[in-house]
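What follows is a set of notes on a single structure, which appears directly below.
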Amino acid sequence: MTPGQRRWIFLAAMAGLAAFYVWGLAGLPGFGNYPGPYGDIINRIAVAQTKATGVVSAVNFEYRGFDTVGEEFILFVAATAMAVVLRHLRHEREEDSPGATEDWAVPPASDSVRLVALIFTGPVVVMGWFLASHAQTSPSGGFQGGVILATAFFLIYLSGEYLLFRRISPVDVTGAFEAVGAGGFAAIGVAALVMGLPYLKNFLPLGTTPGAVSSSGTIALISFFVGVEVAAAFILIVGELVEQTLLVRQGDH
Amino acid sequence: MHIFPFVVVVYILAVGLYGIVTSRHLVHQIMCLIVVQSSTYVLLLGIGYKTGAVAPYFYDIPVHTPAVDPVVQALALTDVVVEAAVTALLLAFAIQAHKRFGTLDPQELVQLKG
């Protein structure tokens, strides 16, 4: 198929999509006129029911916790699959030129980059930890906190400390953390089953003050495990990609 | 009826799809897929929006304050992170394809197969 034909087929398909979309729009209530009722009901009952003031987290880790387990495992599988795909390649590469991985050409970082990266590493860890552990109170949670925690490791890489980045996040350890995070979420669900409750039922004491760090039972705990999982997955992903870059760069020399 | 955000949705979707169809580079194609996926965020958040409502966080406001739909926000939130990981997997496949076939042009890759 030529690019021209491809474009015409695309335009015909888009015309069809546009027609259906306009038809669908006619039935929508219009921007700003949210019809409900689910969002409104959850907003009304979530705080009393879960003692969490962050209703988005309550939805993610409580009301649709079962869906979130599935999504978290998509993340887990994607990160693992990526490592598998690239590891195979690295193995090939090592056979081609033995010892090639010993002295990689690590790009040098300028002093200003090193300084900024070092200044930010500590605060970024604190912020990531804060977000991952405050899902129940504020707009935060394991997904956001995990990504920010992982950023701290990338700052170390950015500052030119590639070997340090590798030493504090070896693939085995990162993989183990990822498994603990993903497995922890599932295990909380199973723990509820063991107590004779439905899967992922919130079985911990909810606390009395809505929005307190100790409130909301399993919501806070699940969010923490998700944070561990997300941080480990992203460190694994970036570690693998960085390694590929260095291999390619070394191949050029 | 106020439909501007929904027009933006279909625009982002169409631009991304056009990029995927006409792309000559796998990395560019993956970026276009991200653009397509971004349209779902706008759609989800657009549906859940309520004029004059606040974010669904009741830490320092009364519980009965009108707030936007938290369900669609939760969907968008997990989607962003999962999408990033899936993108990384796709990029790994692109690296693999380049090493194996020496090209990143999807149209040449199709010809190689046949």
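Protein chains in written order, with my numbering: chain A, 1 to 253; chain B, 1001 to 1114. Note that beta-carbon positions come from the ideal geometry of N, C-alpha and C, so glycine has one too.
Taking the C-alpha atoms as reference points, what is the distance between residue 1072/B and residue 56/A? 9 Å
Can you list, in chain order, the residues of its chain whose CB lies under 8 Å from that of residue 199/A, leaving out five sequence neighbours each side? 66, 189, 190, 192, 193
Are the CB atoms of residue 1108/B and residue 1034/B nearer to each other than 9 Å? no
Candidates 159/A, 86/A, 117/A, 124/A: which alpha carbon is nearest residue 108/A's? 159/A
Would you list the residues sitting across from residue 1076/B in a DSSP beta bridge? Residue 1076/B pairs with nothing; no bridge assigned.
Residues of the segment 66 to 81 of chain A with Cβ closer than 7 Å to any Cβ of chain B, in chain order: 68, 71, 74, 75, 78, 79, 81
Could you check whether the segment 1052 to 1067 of chain B touches the segment 35 to 47 of chain A, counting it as contact only if at least three pairs of C-beta atoms, one from each stretch, sit closer than 8 Å? Result yes; three or more Cβ-Cβ pairs closer than 8 Å.
Please list, in chain order, the chain A residues whose beta carbon lies closer than 7 Å to that of residue 1070/B. Result: 39, 42, 43, 55, 56, 59.
Taking only three categories from DSSP, how would you classify residue 1007/B? Here residue 1007/B sits in helix by DSSP.
What separation, rounded to the nearest whole angstrom, lies between the Cα atoms of residue 97/A and residue 243/A? For residue 97/A, the pLDDT reaches just 49, beneath the cut-off of 50, and the residue's location in the model is therefore unreliable, although a value from the coordinates is still provided. Going by the C-alpha atoms only, they are around 16 Å apart.
Within 9 Å (strictly less), CB to CB, does residue 233/A reach chain B? yes
Could you say which of 37/A, 16/A, 234/A lies nearest to residue 153/A if we only look at CA atoms? 234/A
Find the nearest neighbour of residue 80/A within the set 238/A, 246/A, 15/A, judged by alpha-carbon distance. For the residues 238/A, 246/A, 15/A, the minimum Cα distance to residue 80/A belongs to 238/A.
Are any of the Cβ atoms in chain A nearer than 9 Å to that of residue 1064/B? yes
Per DSSP, residue 1054/B forms a beta bridge with which residues? DSSP, once it has assigned bridges, lists 1067/B as partnering residue 1054/B.
Closest residue to residue 156/A among 122/A, 40/A, 139/A (Cα-Cα distance): 122/A
Interface partners of residue 1005/B on chain A, CB under 8 Å: 31
I'd like to know whether the C-beta atoms of residue 141/A and residue 1017/B end up nearer to each other than 9 Å. no
Looking only at its chain, what residues have a beta carbon closer than 7 Å to the beta carbon of residue 124/A, apart from the 5 residues adjacent to it on each side? 148, 151, 152, 155
Which chain A residues are close to residue 1104/B, counting only those with a beta carbon under 8 Å from its beta carbon? None at all; the shortest Cβ gap to chain A is about 13 Å.
Taking only the alpha-carbon atoms, compute the straight-line gap between residue 111/A and residue 118/A and give it to the nearest angstrom. 10 Å
Could you tell me the distance, in whole angstroms, from the CA atom of residue 1032/B to the CA atom of residue 195/A? Computed Cα separation, rounded: 47 Å.
Distance cutoff 9 Å, beta carbons only. Does residue 1040/B sit that close to anything in chain A? no
May I ask you to list the residues that DSSP assigns as paired with residue 54/A? 1057/B
Assigned secondary structure, residue 236/A (DSSP; H/G/I helix, E/B strand, else coil): Under the three-state reduction of DSSP, residue 236/A is assigned to helix.
Check whether the Cβ atoms of residue 223/A and residue 132/A lie closer than 9 Å to each other. yes
Beta-carbon proximity of residue 76/A to residue 229/A, cut-off 9 Å: yes
Report yes or no: do the segment 1038 to 1050 of chain B and the segment 1003 to 1013 of chain B share at least 3 C-beta pairs separated by less than 8 Å? yes
Round the Cβ separation of residue 10/A and residue 1036/B to the nearest angstrom and send it over; I've been treating them as touching at under 8 Å. No, residue 10/A and residue 1036/B are not in contact; Cβ-Cβ is about 13 Å, not under 8 Å.
Put residue 99/A into one of helix, strand or coil per three-state DSSP. Only weak support exists for where residue 99/A lies, its pLDDT of 48 falling under 50; the coordinates are left without a value.
Which one of 2/A, 139/A, 180/A, 206/A has the shortest CA to CA distance from residue 232/A? Measuring from the Cα of residue 232/A, the nearest candidate turns out to be 180/A.
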